[in-house]
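Just below is one structure, and these are the notes that go with it.
Residue numbers (this note's numbering): 14 to 708.
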């Protein structure tokens with residue numbers, strides 16, 4: 014029985030946890046913290062040693078480990094070196110924690126001033142076996158105020174053989190007088206890649222099978238601490254019965270499998286309410302805290318945004334789920350992902366205010382369903398027929414008025430002959446009329462009512478009724494021909510004639526000038542009149558005056574500037590001088606000078622006035638380049654260049670356009686109903702300067 018007990022005791026004592034077994038013994042084995050290791054290595058190499066070092070950082074990042082390596086480097090038999098041998102008596106005793114000249118003090122348990130005074134009483138004695146007496150005070154921020162006061166004088170001027178190594182997780186709690194007496198190093202939290210790489214190295218050396226995705230979960234759960242990662246790895250090995258797999262680690266951590274996250278978000282994106290809520294109700298059995306669902310959704314939305322914009326930066330743990338991620342990224346727009354991310358973040362903030370964590374998570378999912386992308390199927394399912402009420406028919410759009418001048422002209426040949434022929438005034442170009450939809454089958458009563466109303470309106474405007482069309486007169490060959498099929502349709506179909514008259518009346522009511530009936534022998538408008546034989550020869554037109562400006566580059570240089578409209582983008586759109594500059598495409602300093610100048614024509618020549626603030630850019634070479642460039646516009650005409658005050662330069666006009674477009678964009682945001690509703694619902698604040706006009 015005693016042998017069995019000894020065997021069991023030997024087995025129990027033979028195993029050492031990974032965090033202690035894989036504690037670094039040299040600076041080269043430390044993961045990360047290169048900014049600290051380089052400074053300490055250089056100081057040891059050149060023997061520029063400080064009497065007090067302060068190592069600060071979160072838990073498990075290597076504060077105590079680096080302090081022990083530093084004490085071993087100071088007391089190694091081979092000398093002060095950044096690479097201690099690890100084999101001498103001092104290195105071995107420090108590794109085993111029994112070196113007499115290394116005093117490790119837990120400040121959390123010895124906070125009284127009496128404890129500090131007891132420690133300081135032995136500082137004056139030289140080390141017993143080592144080169145330096147090292148005081149390693151861990152969690153130094155836990156000392157009392159009186160203890161710090163007792164430590165100040167010794168910390169400022171310690172004996173030559175004493176070195177203080179202070180470690181803390183909260184350096185802001187230390188007095189400024191202590192901080193000013195120490196050489197401070199801030200250790201950063203380790204990245205997930207560094208932690209996952211170290212775990213892969215450890216498990217490979219221990220011959221334990223693992224999955225890379227499981228290591229990603231462990232690295233994320235460690236939150237920058239290598240000690241936490243190694244402790245979780247020990248637990249994962251026990252959970253997976255000698256191996257580390259993704260499913261076992263997810264169950265141990267109370268996290269969801271990535272496939273569950275993708276499925277839940279897919280249900281939300283497709284609007285499948287029942288499937289999403291059923292999936293949510295199946296999660297509490299596999300999670301320690303149901304509120305972690307929001308954390309998982311937030312992380313997944315972050316990865317989806319990366320997949321859409323920067324796919325190369327996708328989390329390595331989700332690479333094997335990339336097919337499902339890509340399908341989900343194609344289903345959601347980038348703007349939708351950003352909105353959902355903000356909603357999930359707001360849901361996490363509301364968790365402390367909710368009476369039940371599950372209800373808070375479910376309410377957040379319902380909010381996501383409310384703001385999901387609208388599809389054709391969702392519009393059909395949201396019809397009012399679901400409430401048992403008949404859907405109201407949509408009002409049919411009224412046909413727009415069409416140009417029916419040829420029909421009226423053919424129906425009124427006699428009145429046209431009585432009126433004198435007058436030249437038609439120029440009319441502004443009209444937009445092409447939309448095609449009139451084909452008349453549907455109307456009820457007989459409605460047709461009679463419409464016909465009576467149109468006839469009454471026609472009689473009030475002295476327009477003859479179309480019910481009895483007069484005989485058609487064959488137009489001459491020079492006139493514009495009317496398609497025969499249209500004429501027959503208007504003449505034979507009373508409904509078509511009725512609609513044509515209605516369109517004509519609509520055009521008259523809107524203020525348009527009624528079409529002038531054409532005479533029996535209309536004057537062609539497209540052909541030039543043929544001169545008679547006895548007419549005098551035409552007078553020769555005067556030759557155009559020679560212009561100095563080249564037509565292909567100058568666009569109405571002296572024309573007044575046009576008004577600003579929402580369609581204007583560049584100064585060249587409304588200003589002639591700006592358009593001329595854009596036409597010649599100047600470069601470098603010449604372009605800068607022209608953008609801050611005005612060109613005017615005076616006494617057969619031209620005067621270029623440049624802003625006086627640009628005179629520092631002037632040089633003889635610049636003048637030569639500017640003159641050669643303007644020759645494309647003015648040719649060999651005399652040119653005078655001067656500096657002075659200028660107004661309405663192309664640069665100023667462009668600034669005015671940009672300011673105008675920015676005001677339009679801000680006004681659009683303020684008047685947009687959807688944006689204002691979203692701002693009120695989510696209590697958003699508009700960031701000044703974030704609105705930019707879009708081209």
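By construction, the Cβ of each residue, glycine as well, lies at the ideal position given by its N, Cα and C atoms. None of these values were measured; they are calculated from a predicted model.
#1: Mapping DSSP to helix, strand and coil, what is residue 149?
#2: For the alpha helix (DSSP H) containing residue 615, name the first residue and the last one.
#3: Does residue 239 pass the burial test, meaning 16 or more other C-beta atoms within 10 Å, or should it be called exposed?
#4: Find the nearest neighbour of residue 198 within the set 260, 178 and 584, judged by alpha-carbon distance.
#5: Using the beta-carbon count (16 or more within 10 Å), is residue 679 buried or exposed?
#6: When DSSP builds the beta bridges, which residues end up paired with residue 96?
#7: In whole angstroms, what is the alpha-carbon distance linking residue 309 and residue 359?
#8: Give the secondary structure of residue 381 by DSSP, where H, G and I count as helix, E and B as strand, and everything else as coil.
#9: Is residue 650 helix, strand or coil by DSSP?
#10: Please check the pair residue 242 and residue 231, which I expect to be a contact at CB under 8 Å, by giving their CB distance rounded to whole angstroms.
#11: Measure the CB-CB distance between residue 267 and residue 305 and report whether it falls below 8 Å.
#12: Could you check whether the region 114 to 129 touches the region 149 to 164, counting it as contact only if at least three pairs of C-beta atoms, one from each stretch, sit closer than 8 Å?
#13: Whose C-alpha, out of 77, 327, 190 and 375, is nearest the C-alpha of residue 297?
#14: What span of residues does the alpha helix (DSSP H) with residue 177 cover, start to end?
#15: Okay, do the region 651 to 661 and the region 675 to 690 touch, 3+ Cβ pairs below 8 Å being the bar?
#16: Quick check: what's the CA-CA separation for residue 249 versus residue 227?
#17: Do residue 64 and residue 184 have their C-beta atoms within less than 8 Å of each other?
#18: In or out: residue 121 buried (at least 16 other Cβ within 10 Å) or exposed?
#19: Between which two residues does the beta strand (DSSP E) harbouring residue 210 extend?
#20: Taking the straight line between their C-alpha atoms, what separation do you get for residue 334 and residue 272?
#21: For residue 635, name the three-state secondary structure that DSSP assigns.
#22: Counting Cβ pairs closer than 8 Å, one from the region 625 to 639 and one from the region 600 to 610, do we hit at least three?
#23: Determine whether the beta carbon atoms of residue 299 and residue 264 lie at a separation below 8 Å.
#24: Can you give me the C-alpha to C-alpha distance between residue 73 and residue 181, rounded to a whole angstrom?
#25: In the DSSP assignment, find the unbroken alpha helix (DSSP H) run with residue 280 in it and report its ends.
#26: Would the beta-carbon of residue 677 be found less than 7 Å away from any heavy atom of the ligand FMN?
#27: In angstroms, rounded to a whole number, what distance separates the CA positions of residue 701 and residue 682?
#28: What three-state label does DSSP hand residue 622 in the structure shown?
#29: I'd like the list of long-range same chain contacts for residue 188, defined as Cβ closer than 7 Å, with 5 residues on each side in sequence excluded.
#30: For a quick check, are the C-beta atoms of residue 618 and residue 653 less than 8 Å apart?
#31: Does the beta-carbon of residue 281 have 16 or more other beta-carbons within 10 angstroms, so that it is buried, or is it exposed?
#32: Measure the C-alpha to C-alpha separation of residue 622 and residue 692 and round it to an integer number of angstroms.
#33: For the 8 Å Cβ check, are there 3 or more pairs between the region 87 to 100 and the region 208 to 227?
#34: Anyone know if the C-beta pair for residue 385 and residue 284 falls short of 8 Å?
#35: In its own chain, which residues sit with a C-beta less than 8 Å from the C-beta of residue 704, not counting the 5 before and 5 after it?
#36: Determine the closest residue to residue 201 out of 276, 152, 236 and 66, with distance taken between C-alpha atoms.
Taking the structure as given:
#1: Indexing the chain shown from 1 puts residue 149 at position 136. In the three-state scheme derived from DSSP, where H, G and I count as helix and E and B as strand, residue 149 is classed as strand.
#2: Taking the first residue of the chain shown as 1, we reach residue 615 at position 602. Taken as a continuous stretch (DSSP letters only), residue 615 belongs to no alpha helix (DSSP H), being part of the beta strand (DSSP E) at 610 to 615.
#3: For the purposes of this step, residue 239 is identified with residue 226 of the chain shown, where counting begins at 1. By the neighbour-count rule (16 or more Cβ atoms within 10 Å), residue 239 is buried.
#4: Your numbering for residue 198 matches position 185 in the chain shown. It is 178 whose Cα lies nearest to the Cα of residue 198.
#5: Sequence index remark: in the chain shown, residue 679 carries index 666 (1-based). Exposed, by the Cβ-count rule.
#6: For this step, residue 96 is matched to residue 83 along the chain shown. BP columns for residue 96 are empty, so no partner.
#7: If you number the chain shown from 1, residue 309 lands on position 296. If you number the chain shown from 1, residue 359 lands on position 346. Using only the alpha carbons, I get a separation of about 14 Å.
#8: As a first step, residue 381 is located in the chain shown; it is residue number 368 there, counting from the start. The answer is helix: DSSP assigns residue 381 an H, G or I state.
#9: Here residue 650 refers to the residue found at position 637 of the chain shown. In the structure shown, residue 650 sits in coil (DSSP, three-state: anything other than H, G, I, E or B).
#10: For the purposes of this step, residue 242 is taken as residue 229 along the chain shown, with counting starting at 1. For the purposes of this step, residue 231 is taken as residue 218 along the chain shown, with counting starting at 1. For a cut-off of 8 Å, the C-beta gap from residue 242 to residue 231 is around 6 Å, short enough to register as a contact.
#11: Translated into the one-based positions of the chain shown, residue 267 becomes position 254. Translated into the one-based positions of the chain shown, residue 305 becomes position 292. Yes, Cβ-Cβ distance for residue 267 and residue 305 is below 8 Å.
#12: Three or more beta-carbon pairs separated by less than 8 Å link the region 114 to 129 to the region 149 to 164, which places the two stretches in contact.
#13: Along the chain shown, one-based indexing puts residue 297 at 284. Among 77, 327, 190 and 375, the Cα nearest to that of residue 297 belongs to 375.
#14: Reading the chain shown from its first residue, position 164 is the one you call residue 177. Element bounds for residue 177: not the alpha helix (DSSP H) but the beta strand (DSSP E), 175 to 181.
#15: The region 651 to 661 makes no contact with the region 675 to 690; the number of CB pairs closer than 8 Å stays below 3.
#16: For the purposes of this step, residue 249 is taken as residue 236 along the chain shown, with counting starting at 1. For the purposes of this step, residue 227 is taken as residue 214 along the chain shown, with counting starting at 1. Using only the alpha carbons, I get a separation of about 9 Å.
#17: Walking along the chain shown from the start, residue 64 turns up at place 51. Walking along the chain shown from the start, residue 184 turns up at place 171. Going by C-beta atoms, residue 64 is not nearer than 8 Å to residue 184.
#18: Start at 1 with the first residue of the chain shown, and residue 121 comes out as number 108. Exposed, since its Cβ has fewer than 16 Cβ neighbours within 10 Å.
#19: Translated into positions along the chain shown, residue 210 becomes position 197. No beta strand (DSSP E) holds residue 210; the alpha helix (DSSP H) holding it covers 205 to 218.
#20: For the purposes of this step, residue 334 is taken as the residue at position 321 of the chain shown. For the purposes of this step, residue 272 is taken as the residue at position 259 of the chain shown. Rounded to whole angstroms, residue 334 to residue 272 spans 7 Å at the Cα level.
#21: Locating residue 635 in the chain shown gives position 622, where the first residue counts as 1. Looking at residue 635 - three-state DSSP - the assignment turns out to be helix.
#22: The region 625 to 639, when compared against the region 600 to 610, does touch it at the 8 Å Cβ threshold.
#23: Counted from its first residue, the chain shown places residue 299 at position 286. Counted from its first residue, the chain shown places residue 264 at position 251. Yes, they are a contact pair.
#24: Residue mapping note: residue 73 aligns to position 60 of the chain shown, counting from 1. Residue mapping note: residue 181 aligns to position 168 of the chain shown, counting from 1. Rounded to the nearest angstrom, the two C-alpha atoms are 11 Å apart.
#25: As a first step, residue 280 must be located in the chain shown, where it is residue number 267. Segment 271 to 283, the alpha helix (DSSP H) holding residue 280.
#26: For the structure depicted, the ligand FMN is absent and the ligand set is empty, with no information on it obtainable.
#27: The residue given as residue 701 occupies position 688 in the chain shown. The residue given as residue 682 occupies position 669 in the chain shown. Their backbone Cα atoms lie some 12 Å apart in a straight line.
#28: In the chain shown, counting from the first residue as 1, residue 622 sits at position 609. When DSSP states are grouped into helix, strand and coil, residue 622 belongs to the strand group.
#29: Here residue 188 is taken as the residue at index 175 of the chain shown, counted from 1. Cβ neighbours of residue 188 beyond the five flanking positions: 161.
#30: As a working note, residue 618 is residue 605 in the chain shown. As a working note, residue 653 is residue 640 in the chain shown. Going by beta carbons, residue 618 and residue 653 fall inside the 8 Å limit.
#31: Taking the first residue of the chain shown as 1, we reach residue 281 at position 268. Per the 10 Å Cβ criterion, buried.
#32: Mapped onto the chain shown, residue 622 falls at position 609. Mapped onto the chain shown, residue 692 falls at position 679. The alpha-carbon of residue 622 is positioned some 49 Å away from that of residue 692.
#33: At 8 Å Cβ cutoff, the stretches do not touch.
#34: For the purposes of this step, residue 385 is identified with residue 372 of the chain shown, where counting begins at 1. For the purposes of this step, residue 284 is identified with residue 271 of the chain shown, where counting begins at 1. Cβ distance < 8 Å, so residue 385 and residue 284 count as in contact.
#35: Along the chain shown, read from residue 1 onward, the residue named residue 704 stands at position 691. When the five nearest sequence neighbours on each side are left out, the beta carbons in the same chain lying within less than 8 Å of the beta carbon of residue 704 are those of 675, 678, 679 and 682, in order along the chain.
#36: The residue given as residue 201 occupies position 188 in the chain shown. Distance check between residue 201 and each of 276, 152, 236 and 66 places 236 closest, using alpha-carbon atoms only.
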